[in-house]
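Below: one structure, written as structure tokens.
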Amino acid sequence: MTLFSYEAIDAAGKRRRGEVDADSERAARKVLRARGLVPRLITPAAPSRSRERRVGGRSAVLDGDELTAFLQQLATLSEAGMPLAEALGSIAEGMERRMARRTVAAIRQHVVEGGSLAEAMAAQQMDDIVCNMVAAGEETGQLEAVASRLAELLERRQQMRQELLSATLYPAIILGFGLVVMLFLLAVVVPQIVAVFARTGAHLPLITRMMIAASSFLRDHGLLLLAIAAGLPLLYHWSMRHPALRRRRDRLLLRLPGVRALIGKIETARYCRTLGMLLAGGVPALAAMQIATESVTLLPLRRVTESAREALREGSSLADALADGGYVPHLALRMIAVGEQSGRLDAMLIKVADTFERESSRVIKRLITVLEPALVLLMAVGVGSLAMAILLPIVEMNQLVR
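Numbering follows our numbering, with no gaps: position 166 of the sequence shown is 168.
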């Protein structure tokens, strides 16, 4: 996505300025219209600001933990009746990181000068979802409730991310340790043994000859392999900036056995929680769907949510609109349909998110339970094969001596 600067007119006829992430200028105009703004001027943001926003530069915005703490404290202090400017001042004083204190202080200054909290947060490059929900909370007089919901939303995201990281950490350590051991054997131990085998002139088993070939290749092309290993993450990061390449990656992921269902559950939970929070915060349905779409990471699923918004505009139900493509689980569609019929869609969307977050966590834990012994077995096979390749010729030479 690209960061665009805009100038627009709101429903009250006031001029608004800010920035918005979108795939194109046309998409940026659609986002602004969904927010009830009439765009007058849209231009790409300065490259330095755009890059800073994309990488979530710590010098400009609050990180995930800081933003969650900011919203939790804002909800608590607002509920206690503390004036907004005073609450922001107290929060700024409690921030540990200097740039975080400056960010909150800048928000407070904007509010003191007569601006809204949502505008002040948008000026500090904060997430569109956060800014729009805060704006809705200010308009409805429920800022403390909205801030509390937002803190819960961000806390859930952080928790899911932490669970995934914790679940994959041990397998990653096992895999990394196994690779280091095998590379050490091939690069250091094998060349010394090869010299011994060469002096004997004995016929070597196939597995030993393969090991020697791998060791020679590693020694001859080690720097090239190291450069490729270092360049692959950079190449991947670059390719993900191009929608066509990112779309191909997403399609490949969705073709992997079992991955499609898991990704569908994770993305459904994220989308439904965001949409439910926005609707509960008083954001209009179409605008809420546009904002919630930005929380969807895979492009094929994002197209489904974008099409669902257009279908809803034309009179379709949300459940029917999301059924296209088969990405959203059937249970989620049924629950959404019940929520629409009962008039409690926002609450039902939160229940959908809770249900599929729990289900996703269970599936991930089961996968890790299977993956851990598989990686241990793989490491044992690799190291065992190298040991066998080294020991077989030694055993054969001992037999010849006898």
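Where a beta carbon is used, it is the ideal one built from N, C-alpha and C, also for glycine.
- Query: Below 8 angstroms, can you find three or more Cβ-Cβ pairs linking the segment 169 to 181 to the segment 369 to 381?
  - Reply: yes
- Determine the direct distance from the alpha carbon of Thr78 to that of Ala89, and round the result to whole angstroms. In the sequence shown, the residue the question calls residue 89 occupies position 87. In the sequence shown, the residue the question calls residue 78 occupies position 76. For Ala89 and Thr78, the distance between alpha carbons rounds to 9 angstroms.
- Note down, in chain order, each residue of its chain lying with its Cβ closer than 7 angstroms to the Cβ of Pro395, except the 5 sequence neighbours on either side. Within the sequence shown, residue 395 is the residue found at index 393, counting from 1. The answer, listed in chain order, is Phe199, Ala204, Leu206, Pro207 and Thr210.
- Ile11 to Gly20 span [Cα, whole Å]: Along the sequence shown, one-based indexing puts residue 11 at 9. Along the sequence shown, one-based indexing puts residue 20 at 18. Cα to Cα, the separation comes out at about 11 angstroms.
- Over the uninterrupted alpha helix (DSSP H) stretch that includes Pro302, give me the two end residues. Counted from its first residue, the sequence shown places residue 302 at position 300. Pro302 -> alpha helix (DSSP H) spans Leu301 to Arg315.
- Thinking C-beta only, is Thr70 closer than 8 angstroms to Glu157? Residue numbering aside, residue 157 sits at position 155 when the sequence shown is read from its first letter. Residue numbering aside, residue 70 sits at position 68 when the sequence shown is read from its first letter. Closer than 8 angstroms, so yes.
- Whole-Å CB distance - Ala107 paired with Gly284, under 8 angstroms assumed: Stepping through the sequence shown from its first residue, residue 107 is reached at position 105. Stepping through the sequence shown from its first residue, residue 284 is reached at position 282. Ala107 to Gly284, Cβ: 28 angstroms. No contact.
- In angstroms, rounded to a whole number, what distance separates the CA positions of Pro41 and Ser26? Within the sequence shown, numbered from 1, the residue matching residue 41 stands at position 39. Within the sequence shown, numbered from 1, the residue matching residue 26 stands at position 24. Each residue's alpha carbon lies about 14 angstroms from the other.
- With Glu9 and Leu43 assumed to form a contact (beta carbons below 8 angstroms), what rounded beta-carbon distance in angstroms separates them? Stepping through the sequence shown from its first residue, residue 9 is reached at position 7. Stepping through the sequence shown from its first residue, residue 43 is reached at position 41. The pair is a contact, with the Cβ atoms about 4 angstroms apart (cut-off 8 angstroms).
- Pairing CB atoms from the segment 258 to 278 with CB atoms from the segment 288 to 303, are three or more of them under 8 angstroms? yes
- Query: Taking Leu181 as the reference, which of Pro193, Ala125, Pro302 and Ala231 has the closest Cα?
  - Reply: Indexing the sequence shown from 1 puts residue 181 at position 179. For the residues Pro193, Ala125, Pro302 and Ala231, the minimum Cα distance to Leu181 belongs to Ala231.
- Message: Beta-carbon within less than 8 angstroms of Arg251's beta-carbon, same chain only, minus the 5 sequence neighbours each way: which residues are those?
- Response: Looking up residue 251 in the sequence shown gives position 249. Here the set comprises Ser241 and Met242.
- Message: From the DSSP secondary-structure annotation, give me the bridge partner or partners of Pro41.
- Response: As a position in the sequence shown, residue 41 is number 39, starting the count at 1. Answer by DSSP bridge pairing, in chain order: Ala10.
- Message: The alpha helix (DSSP H) that contains Asp129, what's its start and end?
- Response: If you number the sequence shown from 1, residue 129 lands on position 127. Where Asp129 is concerned, there is no enclosing alpha helix (DSSP H), given that its DSSP letter is neither H nor E.
- Query: Where are the alpha helix (DSSP H) runs, 4 residues long or more, that stay fully inside the segment 311 to 385, in chain order?
  - Reply: 320 to 324 and 332 to 344
- Determine the direct distance from the alpha carbon of Val378 to that of Pro286, and round the result to whole angstroms. Locating residue 286 in the sequence shown gives position 284, counting from the first residue. Locating residue 378 in the sequence shown gives position 376, counting from the first residue. One C-alpha to the other measures close to 52 angstroms.
- Message: Can you tell me whether Val298 is helix, strand or coil according to DSSP?
- Response: Counting from 1 along the sequence shown, the entry for residue 298 is found at position 296. If DSSP states are grouped into helix, strand and coil, Val298 belongs with coil.
- Message: So, with DSSP's three-state summary, where would you put Gly20?
- Response: Position 18 of the sequence shown, counted from the first residue, corresponds to residue 20. Looking at Gly20 - three-state DSSP - the assignment turns out to be strand.
- Item | Near the ligand COA: Ser387 beta-carbon under 7 angstroms from a heavy atom | The model depicted lacks the ligand COA and carries no ligand whatsoever.
- Assigned exposure category for Ser50 - 16 Cβ within 10 Å defines buried: Counting from 1 along the sequence shown, the entry for residue 50 is found at position 48. The pLDDT assigned to Ser50 is 42, lower than 50, so where the model puts this residue is not dependable; a value taken from the coordinates is nonetheless given after this. That one is exposed.
- Message: Between which residues of its own chain and Pro331 is the CB-CB distance below 8 angstroms, once the five residues before and five after are set aside?
- Response: Indexing the sequence shown from 1 puts residue 331 at position 329. Closer than 8 angstroms at the Cβ level, and outside the excluded window around Pro331, lie Ala263, Gly266, Lys267, Thr270 and Phe358.
- Task: Scan the segment 219 to 285 and note each continuous alpha helix (DSSP H) run of 4 residues or more that stays entirely inside, going in chain order.
- Result: 224 to 241, 245 to 257 and 261 to 282
- Does the segment 184 to 202 come close enough to the segment 380 to 391 that 3 or more CB-CB pairs lie under 8 angstroms? yes
- Task: From the DSSP output, in three-state form, read off Ala62 for me.
- Result: The residue given as residue 62 occupies position 60 in the sequence shown. Model confidence at Ala62 stands at a pLDDT of 45, short of 50, so the residue's coordinates are unreliable; what they give is reported in the following sentence. It is coil, neither helix nor strand.
- On the three-state DSSP scale, how would you describe Pro46? To locate residue 46, count along the sequence shown from 1; it is residue 44. DSSP places Pro46 in strand when its eight states are reduced to three.
- Item | Host alpha helix (DSSP H) of Lys169 (start-end) | Numbered from its first residue, the sequence shown carries residue 169 at position 167. Residue identity check: residue 169 is Ala in the sequence provided, not Lys. First-last of the alpha helix (DSSP H) with Ala169: Leu145 to Phe186.
- Query: So what does DSSP say about Leu206, is it helix, strand or coil?
  - Reply: As a working mapping, residue 206 is identified with position 204 in the sequence shown. Residue state, collapsed to three classes: coil.
- Task: Excluding the 5 residues preceding and the 5 following Gly66 in the sequence, name in chain order all residues of the same chain whose CB lies nearer than 7 angstroms to its CB.
- Result: Within the sequence shown, numbered from 1, the residue matching residue 66 stands at position 64. Correct list, in chain order: Leu156 and Gln160.
- Query: Distance, Cα to Cα, Ser309 vs Glu316?
  - Reply: Counting from 1 along the sequence shown, the entry for residue 309 is found at position 307. Counting from 1 along the sequence shown, the entry for residue 316 is found at position 314. Cα-Cα distance, rounded: 11 angstroms.
- If you draw a straight line from the alpha carbon of Lys32 to that of Thr45, how long is it in whole angstroms? Here residue 32 refers to the residue found at position 30 when the sequence shown is read from its first residue. Here residue 45 refers to the residue found at position 43 when the sequence shown is read from its first residue. Lys32 and Thr45: Cα-Cα distance of roughly 14 angstroms.
- Message: Can you tell me whether Met212 is buried or exposed? The criterion is at least 16 other CB atoms within 10 Å of its CB, across all chains shown.
- Response: Start at 1 with the first residue of the sequence shown, and residue 212 comes out as number 210. Met212 should be labelled exposed.
- Item | Test item: CB-CB of Ile195 and Ser297 under 8 angstroms | Taking the sequence shown and counting its residues from 1, the one referred to as residue 195 is at position 193. Taking the sequence shown and counting its residues from 1, the one referred to as residue 297 is at position 295. No. Outside cutoff.
- Quick one: Cα of Ala389 to Cα of Val192, how far? Numbered from its first residue, the sequence shown carries residue 389 at position 387. Numbered from its first residue, the sequence shown carries residue 192 at position 190. So the two alpha carbons sit approximately 10 angstroms from each other.
- With 16 other Cβ atoms within 10 Å as the buried cut-off, status of Ser344: By 1-based counting over the sequence shown, the position of residue 344 is 342. Flag for Ser344 reads exposed.
- Per-residue burial, Val261 [other beta carbons within 10 Å of its own, 16 or more giving buried]: Reading the sequence shown from its first residue, position 259 is the one you call residue 261. So Val261 ends up on the exposed side.
- Message: Is the beta carbon of Leu320 closer than 8 angstroms to that of Ile338?
- Response: The residue labelled residue 338 in the question sits at position 336 within the sequence shown. The residue labelled residue 320 in the question sits at position 318 within the sequence shown. Yes, the pair counts as a contact, with Cβ atoms nearer than the cut-off.
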